[in-house]
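Using my numbering, the first residue of the sequence shown is number 6, and each one after it goes up by one.
See below for the structure under consideration.
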Amino acid sequence: MAFPKRRNLQEQKRQKLVIVGSKNPVKIKSSENAFSNIFDDSFIVQGLNVDSKVSAQPMGDVETYTGAYNRAFASKNAFPEADFWVGIEGGVDHVGEQMVAFAWMVILNNENTIGKAKTASFFLPEAINKMVSEGMELGEADDKLFRQRNSKENGGAVGILTNGVISRADYYQQALSLALIPFLKKEFY
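The structure is reproduced here in structure tokens:
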């Protein structure tokens, strides 16, 4: 009598679906990296264009967090069969006369758990401050000042200003990993 071949444990696990509320490849890649580094599960990570329902360039923590939450929530409504929904929103704020950049991460699951985290912040050059204060989006201002093209889907301001030492994907990945804590340590959340 022949026995069926044993399946590898990885093959037996169902891949989990993560929907990122953006088609930006940096946001998708950083989400994929964070989920695969934190969990042993296998993930399929897909981007989805959704509206953040905030300004094109959010100002301050409240508007930026709201944009991230709205992206995660809209993704959940659009694709309810997924396992996780991710919202990432980059924002700026004034600290005195200077401007800082940062991003908020919001992760939802189908058990009504919410994970939230914010990236580190960094000060922007005065020329960027001026352009953004006059209504330009940060990515557009980066492209103009640094003679880049579509920098927000590549290294972003953080990548440009650190000469690539900190990529935008790495910058987001750390905060995404922190936002995953409530899913990793369910017993405490």
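All C-beta atoms, glycine included, are put in the ideal place defined by N, C-alpha and C.
Sequence-distant residues of its chain with Cβ nearer than 7 Å to residue i (five each side left out)
{"i": "S118", "result": "The question names Ser, but residue 118 in the sequence shown is Thr. P187, F188 and Y194, listed in sequence order."}
{"i": "S126", "result": "V105, A106 and F107"}
{"i": "K81", "result": "W90 and L113"}
{"i": "S57", "result": "G72, N75, R76 and E94"}
Unbroken beta strand (DSSP E) run spanning residue i, endpoints
{"i": "A108", "result": "Q103 to N114"}
{"i": "L22", "result": "K21 to V25"}
Spatial neighbours of residue i in its chain, beta-carbon cut-off 8 Å, leaving aside the 5 residues before and after
{"i": "N159", "result": "V31, Q153 and R173"}
{"i": "Q15", "result": "With a pLDDT of only 46 at Q15, under 50, the local geometry of the prediction cannot be trusted, and no value is derived from it."}
Contacting residues, own chain, Cβ-Cβ under 6 Å from residue i (five flanking each side not counted)
{"i": "L129", "result": "M104 and A106"}
{"i": "K157", "result": "G144"}
{"i": "K10", "result": "Unreliable placement is indicated for K10, whose pLDDT of 49 sits below 50; no coordinate value is reported for it."}
{"i": "E142", "result": "A61 and Q62"}
{"i": "V25", "result": "K32, I33, S36, G52 and V91"}
Within 8 Å, strictly: CB atoms of residue i and residue j
{"i": "A83", "j": "V55", "result": "yes"}
{"i": "V91", "j": "G72", "result": "no"}
{"i": "G5", "j": "M64", "result": "Because the chain here runs from 6 to 194, residue 5 falls outside it and cannot be looked at."}
{"i": "G52", "j": "S35", "result": "no"}
{"i": "V23", "j": "A77", "result": "no"}
Residue interval of the alpha helix (DSSP H) (run including residue i)
{"i": "L185", "result": "Run containing L185: none; DSSP gives neither H nor E here."}
- Message: Restricting to runs no shorter than 4 residues, where is the alpha helix (DSSP H) found entirely within the region 29-89?
- Response: List check, alpha helix (DSSP H) in window: 30-43 and 65-83.
- Message: Just to confirm the assignment: which complete alpha helix (DSSP H) runs, minimum length 4, are found wholly within the region 91-178?
- Response: List check, alpha helix (DSSP H) in window: 131-138, 143-151 and 161-166.
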